[in-house]
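Residue numbers (our numbering): 3 to 91. Glycine is no exception: its CB is placed at the ideal position from the N, C-alpha and C atoms. This one's a predicted model, so the numbers in the text were calculated from it and none came from an experiment.
Structure (structure tokens):
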């Protein structure tokens with residue numbers, strides 16, 4: 003990543019290392035938040051948690067194996083209605 007920081011646009015090249023979308027669960031992804039080694043990805047259908055402990059081998063953790071200590075989330079609908087909630091666990 004140092005090449006992106008040196009101010010020389012001639013050497014700013016990134017290559018895709020992998021594509022990850024098992025069973026299409028990330029189709030329609032709109033937002034991502036990264037906390038620690040987990041990515042929380044909001045899709046059209048669900049909030050998907052991806053374990054990025056090994057970034058070149060991401061995985062979907064079992065629901066019982068993942069614990070969220072605190073997450074604040076919100077939705078804003080096209081009608082302008084907003085819904086916010088906080089969960090701890």
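### Task
Measure the alpha-carbon distance for residue 49 versus residue 41 and round it to whole angstroms.
Cα to Cα, the separation comes out at about 10 Å.
### Query
Exposed or buried, residue 95, counting other C-beta atoms within 10 Å across all chains shown (16 or more means buried)?
With the chain covering 3 to 91 only, the question about residue 95 has no answer from this structure.
### Query
What three-state label does DSSP hand residue 21 in the structure shown?
coil
### Task
Under 6 Å Cβ to Cβ from residue 55, same chain only, skipping five residues before and after it: list those, please.
Within the same chain, residue 55 has close Cβ partners 39.
### Cβ neighbours of residue 31 in the same chain (closer than 6 Å, five flanking residues each side left out)
43, 45
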